[in-house]
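Heads up, the sequence shown is in the UniProt record's numbering, so the first residue is 1 and it goes up one at a time.
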Amino acid sequence: MTRFSIRRFLLLSLAVSIFLFVLGQAYKYYRFQFSPDKAAVEFLSAELAPVFLTEKTKAALAENLPLRTRGRDVIDAMGQRFKLASINWYGASDETFISGGLDIQHRSEIAEVIRDLGFNSVRLPYSDEMVNENPLIPSALLAANADLVGSRALDVYVAVVNSLTDAGLAVIVNDHISQARWCCGLNLCDTAWHNDYLGPFCRVKQTEDQWIQNWETIMAPYVNNSLVIGADLRNEVRGPWGTMPWGRWAAAAERAGNRLLRMNPDWLIIVEGVSSANDLSGVRTRPVVLDIDDRVLYSAHVYSWSGWGSLAGKYSTRPYTSFVKSMQENWAYLIEEEIAPVWVGEFGAPRRAGQETRHYWDNLLKYLQVIDADFAYWAINPRKPHKNTTETYSLVRDDWKTPVFDYRMKDMKQLMGI
Numbered sequence: 001m002t003r004f005s006i007r008r009f010l011l012l013s014l015a016v017s018i019f020l021f022v023l024g025q026a027y028k029y030y031r032f033q034f035s036p037d038k039a040a041v042e043f044l045s046a047e048l049a050p051v052f053l054t055e056k057t058k059a060a061l062a063e064n065l066p067l068r069t070r071g072r073d074v075i076d077a078m079g080q081r082f083k084l085a086s087i088n089w090y091g092a093s094d095e096t097f098i099s100g101g102l103d104i105q106h107r108s109e110i111a112e113v114i115r116d117l118g119f120n121s122v123r124l125p126y127s128d129e130m131v132n133e134n135p136l137i138p139s140a141l142l143a144a145n146a147d148l149v150g151s152r153a154l155d156v157y158v159a160v161v162n163s164l165t166d167a168g169l170a171v172i173v174n175d176h177i178s179q180a181r182w183c184c185g186l187n188l189c190d191t192a193w194h195n196d197y198l199g200p201f202c203r204v205k206q207t208e209d210q211w212i213q214n215w216e217t218i219m220a221p222y223v224n225n226s227l228v229i230g231a232d233l234r235n236e237v238r239g240p241w242g243t244m245p246w247g248r249w250a251a252a253a254e255r256a257g258n259r260l261l262r263m264n265p266d267w268l269i270i271v272e273g274v275s276s277a278n279d280l281s282g283v284r285t286r287p288v289v290l291d292i293d294d295r296v297l298y299s300a301h302v303y304s305w306s307g308w309g310s311l312a313g314k315y316s317t318r319p320y321t322s323f324v325k326s327m328q329e330n331w332a333y334l335i336e337e338e339i340a341p342v343w344v345g346e347f348g349a350p351r352r353a354g355q356e357t358r359h360y361w362d363n364l365l366k367y368l369q370v371i372d373a374d375f376a377y378w379a380i381n382p383r384k385p386h387k388n389t390t391e392t393y394s395l396v397r398d399d400w401k402t403p404v405f406d407y408r409m410k411d412m413k414q415l416m417g418i
């Protein structure tokens with residue numbers, strides 16, 4: 001066979017291989033798309049009863065604040081369990097510098113949709129760049145919020161928080177990323193709460209003290225708003241190849257948490273695990289200890305692709321027993337042994353889930369039900385800020401008003417107990 005023939009043969013083999021791979025992926029997608037069971041179909045056809053909150057109800061809710069931690073639970077002022085059934089509303093951490101949807105619906109309307117879905121709290125991310133720059137927001141991004149036209153980013157953030165708390169929703173503020181953009185990529189400048197060790201390589205440069213100062217800036221307007229219940233100090237802290245030591249992050253969380261508690265001693269201080277919020281195993285020997293007791297709430301994130309670097313593989317491919325074992329090793333031991341509460345601050349799945357994703361979802365929701373964990377779904381947004389691409393995990397349609405009633409809301413209603 002000539003050299004020319006060999007090259008043609010190799011190219012043909014490559015083309016056939018690519019074709020077969022694409023064909024296999026297409027077959028897998030259409031063969032294993034989620035098909036709702038009878039109960040899910042019935043849920044899809046039903047309307048959720050709105051949860052109307054009167055001024056009297058809001059006052060009663062406020063009377064049960066502030067929140068504390070006790071053993072494995074978050075509790076209210078009466079000593080009763082307050083289960084966080086939260087949802088993420090992102091955008092202020094991205095390139096637009098404001099929470100998504102303000103060009104489509106008034107912020108109070110979005111707050112009511114969240115409340116009527118049954119959630120009692122919202123995780124609201126921001127970026128450090130948003131705090132540093134505080135840019136003027138283009139009027140087109142505020143088309144449905146005419147009263148905010150001409151506002152800067154921090155003012156819009158305050159207005160969104162106030163709309164949420166006016167609707168009777170608790171708010172957890174989250175420092176999501178340093179540079180305003182989608183999280184999380186491979187940029188080392190955004191992996192930790194500070195990046196000064198990288199010298200001139202980061203566009204948004206930040207020391208630890210600047211990070212804490214940004215926290216003081218973002219939280220100052222809410223010192224007297226009792227429904228702003230806490231600060232999620234940093235999203236998905238990580239180092240290259242799992243090199244972020246838990247003790248280093250825990251010490252920084254203590255320094256930031258104590259500064260915030262001097263502003264308001266009633267705030268909960270939320271500390272995520274290392275390795276992109278997957279790993280809280282270090283808490284067993286090195287817990288976060290603040291100047292005021294009963295304020296630490298730990299947080300873990302659990303996605304279908306999590307665990308990809310382990311011998312057992314990513315979570316979407318594991319049997320339930322293996323999945324639970326990793327949860328217990330990483331964070332759930334804190335709940336099961338009554339050490340501390342853990343809020344699963346991010347998890348989610350697309351509306352049309354393939355077999356592996358649905359397997360992950362079923363395992364996680366089953367386990368969250370078993371241990372009765374606090375949770376925050378990612379996310380309400382139907383569109384991502386960058387290029388306005390579709391957010392497949394959304395719980396509302398593009399109008400930011402019409403809920404998507406499918407297997408996800410059906411399962412989360414069980415977690416909510418409603």
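The beta-carbon is built from N, C-alpha and C at its ideal position, and this holds for glycine as well.
Rounded to the nearest angstrom, the Cβ distance from F375 to F405 is 19 angstroms, too far for a contact under 8 angstroms.
Nearest Cα to S310 within the set S275, G282, K384, V149: S275.
Below 8 angstroms, enough C-beta pairs join the stretch 151 to 160 and the stretch 81 to 101 to call them touching: three or more. N235 places its beta carbon 8 angstroms or farther from that of H194.
When C-beta atoms of the stretch 183 to 194 are compared with those of the stretch 132 to 144, fewer than three pairs fall below 8 angstroms, so the two segments do not count as touching. Each residue's CA atom was taken as its position, placing I87 and Y377 some 5 angstroms apart.
For I292, the three-state secondary structure derived from DSSP is coil.
For T69, the secondary structure class from DSSP, reduced to helix, strand or coil, is strand. DSSP assignment within the stretch 94 to 135 yields the following whole beta strand (DSSP E) runs of 3 residues or more, N-terminal first: 121 to 127.
The count of Cβ pairs closer than 8 angstroms, one atom from the stretch 313 to 320 and one from the stretch 353 to 360, reaches three, so the stretches are in contact.
A Cβ-Cβ separation of about 25 angstroms leaves N214 out of contact with V283 under the 8 angstroms criterion. Per DSSP, N214 is one residue of the alpha helix (DSSP H) stretching across 208 to 219. Taking 8 angstroms as the cut-off, the Cβ atoms of A180 and E208 do not count as close. Contact check for A167 and R123: beta-carbon distance about 15 angstroms, past the 8 angstroms limit, so the pair fails to qualify. Residue range 374 to 377 is occupied by the beta strand (DSSP E) that includes F375. Under DSSP, V274 takes part in a beta bridge, and its partners are D279. In this structure, Y367 sits away from M409, with a CB-CB distance that is not shorter than 8 angstroms. A check of alpha carbon separations from G345 across E112, I172, A77 identifies I172 as the nearest. Between T165 and N224, the C-beta spacing is not below 8 angstroms. Sequence-distant Cβ neighbours of T69 in its own chain, meaning closer than 8 angstroms and more than five residues away, are I75, L268, D294, R295, V296, L297, A340, P341. Annotated three-state conformation of Y360 is helix, per DSSP.
At a cut-off of 3 residues, the continuous stretches assigned as beta strand (DSSP E) that sit fully inside the stretch 162 to 210 are 170 to 177. With a 10 Å radius around the Cβ and a threshold of 16 neighbouring Cβ atoms, R397 comes out exposed. Cβ-Cβ distances below 8 angstroms link T389 to R383 in the same chain, with the five nearest sequence neighbours on each side left out; the list follows chain order. Per DSSP, W249 lies in no beta strand (DSSP E) segment; the continuous alpha helix (DSSP H) that holds it begins and ends at 246 to 263. In the structure shown, T317 falls within a helical segment according to DSSP collapsed to helix, strand and coil. In the structure shown, the three-state DSSP call for W267 is coil.
C-alpha of A170 to C-alpha of L65: approximately 10 angstroms in a straight line. Judged by DSSP secondary structure, I229 falls within the beta strand (DSSP E) whose first and last residues are 228 to 232. One alpha carbon belongs to A220, the other to R318, and they sit about 44 angstroms apart. For P385, same chain residues with a beta-carbon under 7 angstroms away, outside a window of 5 residues either side, are G91, D94, E95, T96, G100 in chain order. Exclusion of the five residues before and after W246 leaves V274, G282, R286 as the residues of its chain whose Cβ lies within less than 7 angstroms of its Cβ. Taking the CA atoms as reference points, L261 sits about 27 angstroms from V204.
When the alpha-carbon of E338 is set against those of L67, R72, N145, A62, the nearest one is in R72. Nearest neighbour of H301 by Cα position, chosen from T321, S121, A332, F119, turns out to be A332.
For Y197, the number of other beta carbons within 10 angstroms of its own is below 16, and it is reported as exposed.
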